[in-house]
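Here the working numbering is used: the first residue of the sequence shown is 4, the next is one more, and so on.
By construction, the Cβ of each residue, glycine as well, lies at the ideal position given by its N, Cα and C atoms.
Keep in mind it's a predicted model, so treat the numbers as computed, not measured.
Have a look at the structure below, then the notes.
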Amino acid sequence: MIDVSDVYKSFAQNHVLKGVNLKVRDGKSMVIIGASGQGKSVILKCLLGLIKPNSGKILLNGIDPNSSQKNSILSKVGMLFQGGALFDSLPIWQNVAFRYLHGKQKINASEAKKIAVEKLERVGLKKSFADNFPSELSEECKKEWHWLEQSQPNLKLYFLMNQLRD
Ligand SMILES: Nc1ncnc2c1ncn2[C@@H]1O[C@H](COP(=O)(O)OP(=O)(O)OP(=O)(O)O)[C@@H](O)[C@H]1O
Ligand SMILES: [Mg+2]
């Protein structure tokens, strides 16, 4: 559950968040929609503990993402950034398997590649795509691959940023 109460955030004289309240219960989705510069990314960054609000309370499954306990909840959060946010210098399979090649969940590279290829196949993408680079893909494809990297059974919360077009 996401519970945000009375959150304020300003950057100098720019008062971006002015008393935001929202609750998202388990199993539910919420869309935050608005014109450019209205604070959608700022509220998501506050939820991720990347920006500290000036005041107000944020709880993700009861944990404040700005507290010392934040890692226990942030390790369960998937984040899809606007524009895909893939690593251009890494082939697709290394992007999809990023968390298995680095950090705490690291496993050997051939196992990691196997997982990446399985994920690609699960969404109907050919094994041969695995060695392509992000620059060879359309914007929509990039997001799809980034999403695959984020889709982990242990994740409980997903935050997605996307642009709407006319
Ligand atoms: N780190 C920062 N320092 C100073 N100002 C910031 C910072 N981050 C965001 N802002 C300002 O906060 C306001 C809201 O920005 P934000 O990125 O949340 O907009 P948005 O609603 O996500 O827009 P878009 O639809 O273009 O993604 C903008 O005026 C922006 O300039
Ligand atoms: Mg934004």
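Residue of Lys55, Val120, Trp96 minimising C-alpha distance to Ser13: Closest by alpha carbon: Lys55.
Outcome for Val34 when other beta-carbon atoms lying within 10 angstroms are tallied against a minimum of 16: It is exposed - the Cβ of Val34 has fewer than 16 other Cβ atoms within 10 Å.
Output the distance between the C-alpha atoms of Gln16 and Pro94, rounded to the nearest integer angstrom. Going by the C-alpha atoms only, they are around 43 Å apart.
Per DSSP, what kind of secondary structure is Lys116 in: helix, strand or coil? If DSSP states are grouped into helix, strand and coil, Lys116 belongs with the helices.
Out of Lys48, Leu89, Met4, which one is the CA nearest neighbour of Lys31? Measuring from the Cα of Lys31, the nearest candidate turns out to be Met4.
Tell me which same chain residues have a C-beta within less than 8 Å of the C-beta of Val182, skipping the five on either side of it? Because the chain in this structure spans residues 4 to 169, residue 182 falls outside the shown range and cannot be described.
Should Ala115 go down as buried or exposed, given a rule of 16 or more other Cβ atoms within 10 Å for buried? The residue is buried, with at least 16 neighbouring Cβ atoms inside 10 Å.
May I ask you to list the residues that DSSP assigns as paired with Val23? The partner list for Val23 (beta bridge, DSSP) reads Val10.
What does a CB cutoff of less than 8 Å around Val45 pick up in its chain, not counting 5 residues either side in sequence? Around Val45: Lys12, Val19, Leu20, Ile54.
Out of Val23, Ser71, Ile36, point me to the one whose CA is closest to Asn57's CA. The alpha carbon of Asn57 has as its nearest neighbour, out of Val23, Ser71, Ile36, the alpha carbon of Val23.
Taking 7 Å as the cut-off, is the beta-carbon of Ser92 closer than that to any non-hydrogen atom of ligand 1? In this structure, ligand 1 has no non-hydrogen atom nearer than 7 Å to the beta-carbon of Ser92.
Please state whether DSSP places Lys129 in a helix, a strand or coil. Reduced to three states, the DSSP call for Lys129 is coil.
Over the uninterrupted alpha helix (DSSP H) stretch that includes Lys43, give me the two end residues. Segment 43-50, the alpha helix (DSSP H) holding Lys43.
Can you tell me the Cβ-Cβ gap for Gly65 and Ser8, rounded? I've got them flagged as a contact below 8 Å. About 13 Å; that fails the 8 Å criterion.
Same chain only: Cβ atoms within 7 Å of Ile76, ignoring 5 sequence neighbours per side: Excluding the 5 residues flanking it on each side, Ile76 has same chain C-beta neighbours closer than 7 Å at Leu63, Asn64, Ile66, Pro68, in chain order.
According to DSSP, which residues form a beta bridge with Leu62? According to the DSSP secondary-structure assignment, Leu62 is paired through a beta bridge with Asp6.
When a residue counts only if its C-beta is closer than 6 Å to some heavy atom of ligand 3, which residues count, in chain order? Among the ligands present in this structure, namely ligand 1 and ligand 2, ligand 3 is not found.
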